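Numbering (mature numbering (1 follows the signal peptide of the UniProt record, and there is no 0)), first residue to last: -17 to -1, 1 to 249. No residue lacks a Cβ here, since even glycine has one placed at the ideal position from N, Cα and C. Because the structure is a prediction, the values reported are computed rather than measured. Accompanying notes for the structure given below.
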Amino acid sequence: FLFLFLFPLLLCQCCHPYLQPQQRQHHHLYYLLQPYPLHPMAAAANRSIHQTRQLDQIAVDYTPDACHHSPDTGEIRVTYDHRGGARWRSPRRFRHGTFGARIRCPDGDTSGLNFNIYLSSLEGDAAQDEIDFEFLGKDKTVVQTNYHVHGAGAREALHPLGFDASQGFHEYLIRWEEGAIEWVVDGAVVRRVERAAGDAWPEKPMYLYSSVWDASCIDEGRWAGQYAGTHAPYVCWYKDVMVPLHTMVVEADEEEDAGEGGNSGA
């Protein structure tokens, strides 16, 4: 009888070695039954917004000949060369949920370039809300996270990856809710922000975006480095791009082309 009582607790600790001791002592049975961490992102009321689907169509905002999308495989690649880069996005906005992709950053000396995956209510709008993963070309062993509310950012954080982001595909996810944001790399939460009473918070419906661009002009090259282009062309690869299954919104200014699905690239 004692073995039957202890076995679920022992099994839970073996299957979830990443739990802190205080988590283990309070949530043994939960972790045995539910194979994901106990936090608001996993609350029953929120699980449906975190169901995902593959993004099967994209819109390309500029330089479409530098962005290739394969609808059959879902693979996307953006090339940066003498034409500049390109920016793609989901054709529709979403309100909360899980977004992301498996990404392989460009090889070689990418100093000066910025490659990214992020959410924005509308790129270029001075009052945009935004949630970012950004790779700074001068060092591909770190990633920057940030979020903006009504155009105001300054919430940056840098996170060591433990690998060179150009040496293979890795999964980068943004989990966005009314009360919390998580940035996740290969299944590990690298940053979590919880909303406190009175906090400014990204609330506008947002597109999923990604781009490759020359950021040499930012802070006189101290942010991403100075672009030299010695290994151009640079190619950023994306696989398994995911967006929420249930939270897409079609606003009044989008109704006219709601059935068109955007431009899949070239």
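- Here Ile157 carries a strand assignment [DSSP, helix/strand/coil].
- Our two residues, Arg36 and Val224, have alpha carbons roughly 8 Å apart in a direct line.
- Straight-line spacing of the CA atoms in Gly83 and Glu203 works out to 30 Å.
- DSSP, read as helix, strand or coil, puts Ile201 in helix.
- In the structure shown, His131 falls within a strand segment according to DSSP collapsed to helix, strand and coil.
- When beta bridges are read from the DSSP output, Ala171 appears opposite Val168.
- By the Cβ criterion, the segment 211 to 223 is not in contact with the segment 161 to 176, since fewer than three pairs of Cβ atoms, one from each stretch, lie closer than 8 Å.
- Per DSSP, Asp223 is one residue of the beta strand (DSSP E) stretching across 217 to 227.
- The beta-carbon separation of Arg72 and Leu228, rounded to 18 Å, does not stay under the 8 Å limit for a contact.
- Burial state of Arg205 is exposed, judged by a 10 Å Cβ sphere holding fewer than 16 other Cβ atoms.
- When rounded, the separation of the alpha-carbon atoms in Ala49 and Leu156 is 24 Å.
- Excluding the 5 residues flanking it on each side, Phe98 has same chain C-beta neighbours closer than 6 Å at Cys88, Phe118, Val195, Cys219, in chain order.
- Of all alpha-carbon atoms in Ala148, Phe146, His131, His52, the one lying nearest the alpha-carbon of Ala140 is that of His131.
- A check of alpha carbon separations from Asp197 across Glu160, Arg76, His65 identifies His65 as the nearest.
- Beta-carbon to beta-carbon, Pro143 and Thr128 are separated by about 12 Å, too far to satisfy the 8 Å threshold.
- In this structure, Tyr221 sits near Ile59, with a CB-CB distance shorter than 9 Å.
- The C-beta distance from Leu102 to Trp159 rounds to 7 Å, short enough to fall under 8 Å.
- For Ile86, DSSP records a beta bridge to His153, Tyr221.
- For Arg178, there is no enclosing beta strand (DSSP E), as DSSP gives it neither H nor E.
- When secondary structure is reduced to three states using DSSP, Pro47 falls in the helix class.
- The beta carbon of Phe116 sits closer than 8 Å to the beta carbons of Asn99, Ile100, Tyr101, Val126, Gln127, Thr128, Tyr155, Ile157, Trp166 from its chain, once the five residues preceding and following it are set aside; these are given in chain order.
- In the DSSP assignment, Arg78 falls outside any beta strand (DSSP E) and carries neither an H nor an E.
- If the five residues before and after Glu106 are omitted, its C-beta is found closer than 8 Å to the C-beta atoms of Asp44, Arg70, Arg72, Tyr190, Tyr192, all from its own chain and listed in chain order.
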